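Structure first, commentary second.
There are 2 protein chains.
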Amino acid sequence: MRFETSTIKDIAKALGLSTSTVSRALRDRYEISEETKKLVLAYAEKVNYRANPIARSLKERRSYSIGIIVSEIANNFFSQVINGIESIAYDKDYHVIISQSHESYKQEKLNVEHLASRSIDGLLIALSSETQDIDYLRDLYSKGLPIVFFDRVPEDFETHKVIANNFKGSFDATEHLILSGKRTIAHLTNSENLSITKERLGGYKAALTKYHIEFKPELVKYCQHGGMHSAELEQAVKELLPLKPDGIFISSDRLTTGCIMALKKTNPEVAHNIAISGFTNSNLVELFSPSLTSVKQPAFEMGQVATELLISMIEAKRPVTEFETKVLDTELVKMPKQVGNKFL
Amino acid sequence: MRFETSTIKDIAKALGLSTSTVSRALRDRYEISEETKKLVLAYAEKVNYRANPIARSLKERRSYSIGIIVSEIANNFFSQVINGIESIAYDKDYHVIISQSHESYKQEKLNVEHLASRSIDGLLIALSSETQDIDYLRDLYSKGLPIVFFDRVPEDFETHKVIANNFKGSFDATEHLILSGKRTIAHLTNSENLSITKERLGGYKAALTKYHIEFKPELVKYCQHGGMHSAELEQAVKELLPLKPDGIFISSDRLTTGCIMALKKTNPEVAHNIAISGFTNSNLVELFSPSLTSVKQPAFEMGQVATELLISMIEAKRPVTEFETKVLDTELVKMPKQVGNKFL
DNA sequence: AAAATCTGTGCAAACGTTCCCAAAAACGTC
DNA sequence: GACGTTTTTGGGAACGTTTGCACAGATTTT
Numbered sequence: 001m002r003f004e005t006s007t008i009k010d011i012a013k014a015l016g017l018s019t020s021t022v023s024r025a026l027r028d029r030y031e032i033s034e035e036t037k038k039l040v041l042a043y044a045e046k047v048n049y050r051a052n053p054i055a056r057s058l059k060e061r062r063s064y065s066i067g068i069i070v071s072e073i074a075n076n077f078f079s080q081v082i083n084g085i086e087s088i089a090y091d092k093d094y095h096v097i098i099s100q101s102h103e104s105y106k107q108e109k110l111n112v113e114h115l116a117s118r119s120i121d122g123l124l125i126a127l128s129s130e131t132q133d134i135d136y137l138r139d140l141y142s143k144g145l146p147i148v149f150f151d152r153v154p155e156d157f158e159t160h161k162v163i164a165n166n167f168k169g170s171f172d173a174t175e176h177l178i179l180s181g182k183r184t185i186a187h188l189t190n191s192e193n194l195s196i197t198k199e200r201l202g203g204y205k206a207a208l209t210k211y212h213i214e215f216k217p218e219l220v221k222y223c224q225h226g227g228m229h230s231a232e233l234e235q236a237v238k239e240l241l242p243l244k245p246d247g248i249f250i251s252s253d254r255l256t257t258g259c260i261m262a263l264k265k266t267n268p269e270v271a272h273n274i275a276i277s278g279f280t281n282s283n284l285v286e287l288f289s290p291s292l293t294s295v296k297q298p299a300f301e302m303g304q305v306a307t308e309l310l311i312s313m314i315e316a317k318r319p320v321t322e323f324e325t326k327v328l329d330t331e332l333v334k335m336p337k338q339v340g341n342k343f344l
Numbered sequence: 001m002r003f004e005t006s007t008i009k010d011i012a013k014a015l016g017l018s019t020s021t022v023s024r025a026l027r028d029r030y031e032i033s034e035e036t037k038k039l040v041l042a043y044a045e046k047v048n049y050r051a052n053p054i055a056r057s058l059k060e061r062r063s064y065s066i067g068i069i070v071s072e073i074a075n076n077f078f079s080q081v082i083n084g085i086e087s088i089a090y091d092k093d094y095h096v097i098i099s100q101s102h103e104s105y106k107q108e109k110l111n112v113e114h115l116a117s118r119s120i121d122g123l124l125i126a127l128s129s130e131t132q133d134i135d136y137l138r139d140l141y142s143k144g145l146p147i148v149f150f151d152r153v154p155e156d157f158e159t160h161k162v163i164a165n166n167f168k169g170s171f172d173a174t175e176h177l178i179l180s181g182k183r184t185i186a187h188l189t190n191s192e193n194l195s196i197t198k199e200r201l202g203g204y205k206a207a208l209t210k211y212h213i214e215f216k217p218e219l220v221k222y223c224q225h226g227g228m229h230s231a232e233l234e235q236a237v238k239e240l241l242p243l244k245p246d247g248i249f250i251s252s253d254r255l256t257t258g259c260i261m262a263l264k265k266t267n268p269e270v271a272h273n274i275a276i277s278g279f280t281n282s283n284l285v286e287l288f289s290p291s292l293t294s295v296k297q298p299a300f301e302m303g304q305v306a307t308e309l310l311i312s313m314i315e316a317k318r319p320v321t322e323f324e325t326k327v328l329d330t331e332l333v334k335m336p337k338q339v340g341n342k343f344l
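Heads up: the protein sequence lines correspond to chains A and B, in order.
Mapping the first sequence onto the UniProt record's numbering, position 134 (from 1) lands on 134, and the numbers just tick up by one.
Mapping the second sequence onto the UniProt record's numbering, position 310 (from 1) lands on 310, and the numbers just tick up by one.
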């Protein structure tokens with residue numbers, strides 16, 4: 001079961017040239033005469049020559065591949081980010097290897113180390129909600145592996161980062177609830193470790209402050225596992241409902257859908273009486289009942305920007321020392337009009 | 001920006017051995033004395049030696065990587081399949097490279113050829129809805145690239161295949177509509193090219209026949225692009241509604257959600273009066289309004305089975321000539337009770 | 001006309017493995 | 001102690017590239 005392809009050697013032999021000449025002709029180097037180039041190119045075309053990327057990688061000590069770590073691909077936010085990453089990577093002739101942490105620190109570390117041993121040239125990562133200790137990343141980074149963080153970024157790590165304007169997104173979503181008359185607004189959010197958690201909490205608080213609504217810590221519920229376990233969500237809902245919230249602002253894709261699910265399951269009678277706004281990039285949000293106002297992140301662009309930054313690091317001649325944190329704006333998609341109990 | 005790691009050579013030099021001895025010791029060959037093995041292993045551990053997979057690939061002429069082609073990862077069915085694939089692949093020390101066709105033949109072909117040139121050891125593929133000509137796959141296959149098809153499989157291609165029991169799944173879904181009193185049941189389905197389209201149409205027809213309901217071709221609508229364009233779906237809905245269906249059976253994930261979306265957008269007043277059943281692996285289906293009865297495919301298992309078959313082909317000593325088509329059962333998840341207009 | 005420069009090409013090493021083959025060391029047998 | 005066997009080790013080629021260097025021949029400069 002083996003794959004046979006023609007190599008530079010074959011071409012050289014067939015044309016009576018040396019491998020170096022063929023190699024240089026294929027890479028269009030100035031030293032080779034136009035005549036020879038044409039000859040080589042024509043023959044290569046004829047035998048459908050494809051350079052062996054493995055040999056090239058070995059020689060050049062790089063793999064032209066980028067590792068990606070997300071919590072799960074079955075999440076529209078991340079799959080859109082991945083699409084953005086691919087759009088740039090493929091253009092620049094990199095391929096991508098996707099790994100999922102499933103919000104587990106252990107899995108994340110395992111995957112990163114697996115990728116690193118697969119000689120990726122760089123890493124794009126959104127931290128899992130469990131992750132606190134990123135020393136293993138620091139290690140790899142200091143050994144020369146370029147890393148760019150997106151979405152969930154660490155505070156104390158000097159490299160490029162790409163995030164959404166979480167503060168503003170949260171502010172807008174919370175304000176929207178307030179403007180539609182809600183006053184007891186709960187906040188369901190991710191693990192406290194995550195950067196996004198802090199930023200989104202900030203936006204939520206700021207909106208309350210602007211409208212002179214008192215911030216009540218008991219209205220904020222954290223989910224350590226980012227909503228990967230339904231029990232976690234049902235618990236949060238159970239603790240929240242006695243406080244009679246008339247609105248909930250939810251801070252991530254997974255949590256948003258999970259929370260609505262938990263609400264419908266445990267307290268169907270109130271599910272429609274609580275206004276919900278939350279971060280989600282689901283393209284099915286229009287189908288949801290109860291409906292909700294969503295904060296959409298520019299996921300595709302985030303992927304693109306992160307990839308551009310990463311590739312610039314990979315291809316930099318000298319170590320990069322100036323780092324950027326790109327902040328992209330979110331978009332508030334208001335829920336459709338709703339008439340009585342009829343959700344159209 | 002380079003990654004420095006220790007190599008077999010380094011170990012050999014440090015220990016005063018030859019590279020061959022070190023290599024053999026690391027691979028635990030019988031020829032090497034226990035003593036030397038211990039020595040080498042301990043030192044390798046100490047310097048955190050990681051074999052360079054690229055060098056190994058070059059030498060062994062295989063990459064320990066598997067290519068996957070799906071139409072899109074932002075689709076629960078496919079992302080679950082991918083999880084299944086990974087669960088097996090990682091165990092056997094393969095890594096996977098995922099590519100999306102976005103239901104485009106051109107993109108699919110491009111991706112496959114890109115993967116092939118990246119020296120994958122095997123390919124797992126679900127055909128795009130546009131694909132009719134699979135000669136390019138035959139080519140690769142005849143050159144020795146192992147291929148296993150899943151979900152959307154070609155008829156005339158001798159290799160392993162993994163599919164759901166589409167006939168039975170469709171039969172059950174259609175029967176469920178009939179048993180809940182529907183008599184004018186439309187069928188919205190994928191491109192006619194696809195294997196799944198034919199099989200699912202078969203199940204639909206069989207259910208109608210069983211209950212003595214006449215099959216009307218005008219109630220069947222095909223979507224060439226698998227619902228990737230909303231215009232396509234809105235057109236189908238527009239053509240279907242004048243026929244006054246009281247039920248619709250939809251034959252794929254993307255189409256199911258797309259159709260509900262189109263219904264709500266163009267004819268919100270009837271959206272709740274048509275019973276819907278359809279293939280979908282969405283984990284958000286409980287949130288949908290209108291609600292629907294769904295046919296769930298054993299996606300995770302399909303991925304696992306396909307990967308096992310593929311790896312068996314890759315690692316086969318002699319060319320494989322006996323092929324299997326594994327058929328896995330679907331599961332019908334009935335829609336929840338609904339009280340009047342209140343969708344809980 | 002000799003020296004310097006420019007063009008185009010080839011030789012050979014290197015990237016980090018694996019593995020065939022040979023050689024050295026250790027052991028047993030008569 | 002000479003010989004055959006077995007065990008353990010090392011040398012070196014190979015996988016398919018890329019690239020520094022050398023060199024031959026043509027062209028220009030002095």
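A virtual CB, placed ideally from N, CA and C, is assigned to each residue, including glycine.
Bear in mind the structure is a predicted one, so any value in this text is a computation, not a measurement.
Nearest to I54(A) by alpha carbon, out of V320(B), T21(B) and I120(B)?
Taking each of V320(B), T21(B) and I120(B) in turn and checking the Cα distance to I54(A), the smallest one comes out for I120(B).
Excluding five sequence neighbours on each side, which residues of the same chain lie with their C-beta closer than 8 Å to the C-beta of F323(A)?
Taken in chain order, the residues that qualify are E158, T159, H160 and K161.
Using a Cβ cut-off of 8 Å (strictly closer), state whether H95(B) contacts chain A.
yes
With burial defined as no fewer than 16 other Cβ atoms inside 10 Å of the residue's Cβ, what is the status of P217(A): buried or exposed?
exposed
Please state whether DSSP places N190(A) in a helix, a strand or coil.
strand
Which residues in the same chain have their Cβ closer than 6 Å to the Cβ of residue 396(B), if we skip the five residues on either side of it in sequence?
In the structure as shown, chain B starts at 1 and stops at 344, and residue 396(B) therefore has no counterpart that could be examined.
At a CB distance below 7 Å, what residues from the region 107 to 118 of chain B approach chain A? Give them in sequence order.
S117 and R118
Kindly indicate the opening and closing residues of the beta strand (DSSP E) around L328(B).
T325 to L328
Does the region 82 to 97 of chain B come within contact of the region 42 to 49 of chain B, defined as at least 3 CB pairs closer than 8 Å?
They do not touch, by the three-pair rule.
Compute the Euclidean distance between the alpha carbons of D28(B) and D91(B), then round it to the nearest angstrom.
A straight-line Cα-Cα distance of about 20 Å links D28(B) and D91(B).
Below 9 Å between beta carbons is the criterion; list the residues of the region 300 to 328 of chain B that meet it against any residue of chain A, in chain order.
M313, I314, E315, A316, K317, R318, P319 and V320
Measure the Cβ-Cβ separation of K198(A) and T330(A) and say whether it is below 8 Å.
no
Is any heavy atom in the ligand ZN found nearer than 7 Å to the beta carbon of K264(A)?
Annotation note on the ligand ZN: not contained in the displayed structure, which lists no ligands.
Using DSSP bridges, identify the partner residues of I125(B).
Note: I125(B) sits in a beta bridge opposite I69(B) and F149(B).
Below 8 Å, can you find three or more Cβ-Cβ pairs linking the region 290 to 310 of chain A to the region 135 to 145 of chain A?
no
Ignoring anything shorter than 4 residues, give me the alpha helix (DSSP H) runs that lie fully in the region 148 to 236 of chain A, in order along the chain.
166 to 179 and 195 to 210
Where DSSP assigns a beta bridge to K296(A), which residues make up the other side?
E331(A)
Listed from N- to C-terminal order along the chain, which residues in the region 43 to 63 of chain A have their beta-carbon within a distance smaller than 9 Å of any beta-carbon of chain B?
R50, A51, N52, P53, I54, A55, S57, L58, R61, R62 and S63
Compute the Euclidean distance between the alpha carbons of F279(A) and R62(B), then round it to the nearest angstrom.
43 Å
Could you check where the alpha helix (DSSP H) with P78(A) kicks off and where it finishes?
According to the sequence as given, residue 78(A) is Phe; it is not Pro. Its alpha helix (DSSP H) spans residues N76 to D91.
Does the structure place the region 88 to 104 of chain B close enough to the region 303 to 316 of chain B that three or more beta carbon pairs sit under 8 Å?
yes
Against chain B, does I185(A) count as a neighbour if the rule is that its beta carbon must be under 8 Å from one of theirs?
For I185(A), the answer is no, since every Cβ of chain B falls outside 8 Å of its Cβ.
T257(B) versus chain A: which residues are under 7 Å apart at the beta carbon?
L284 and L287
Can you name, in chain order, every residue of its own chain whose Cβ lies under 6 Å from the Cβ of I147(A), other than the five neighbours on each side?
L123, Y141 and T159
Between L241(B) and N267(B), how many whole angstroms is the CB-CB distance? I'm expecting something under 8 Å.
6 Å
Quick one: residues in its chain with C-beta nearer than 7 Å to the C-beta of K334(B), no 5 flanking neighbours on either side, listed in chain order?
Hits under 7 Å: H176 and T293.
Using 10 angstroms around the beta-carbon of H95(A), count the other beta-carbons present and answer buried if the total reaches 16, otherwise exposed.
With 16 or more other Cβ atoms inside 10 Å of its own Cβ, H95(A) counts as buried.
For A164(A) versus L332(A), is the C-beta distance shorter than 8 Å?
no
Cutting at 7 Å between CB atoms, please list the residues of its own chain near A275(A), excluding the five before and the five after it.
L177, S180, K182, D246 and G247
Nearest by alpha-carbon distance to T189(A): which of T256(A), S251(A) and C259(A) is it?
Comparing Cα positions, the closest option is S251(A).
How big is the Cα-Cα spacing for R56(A) and R50(A)?
11 Å
What residues match up with Q100(B) in a beta bridge as DSSP calls it?
V70(B)
Measure from the alpha carbon of Y64(B) to the alpha carbon of each residue in K109(A), S117(A), E192(A) and Q132(A), then state which is nearest.
S117(A)
Excluding the 5 residues flanking K342(A) on each side, which residues of the same chain have their C-beta closer than 7 Å to its C-beta?
Bear in mind that the predicted position of K342(A) carries a pLDDT of just 43, short of 50, making it unreliable; the figure below should be weighed with that in mind. Cβ within range, chain order: n/a, list empty.
Please identify the residue among H114(A), P298(A) and L15(A) whose C-alpha is closest to the C-alpha of residue 345(A).
Because chain A in this structure spans residues 1 to 344, residue 345(A) falls outside the shown range and cannot be described.
Of the residues D151(B), F150(B), K109(B) and L243(B), which one's Cα is nearest the Cα of D133(B)?
K109(B)
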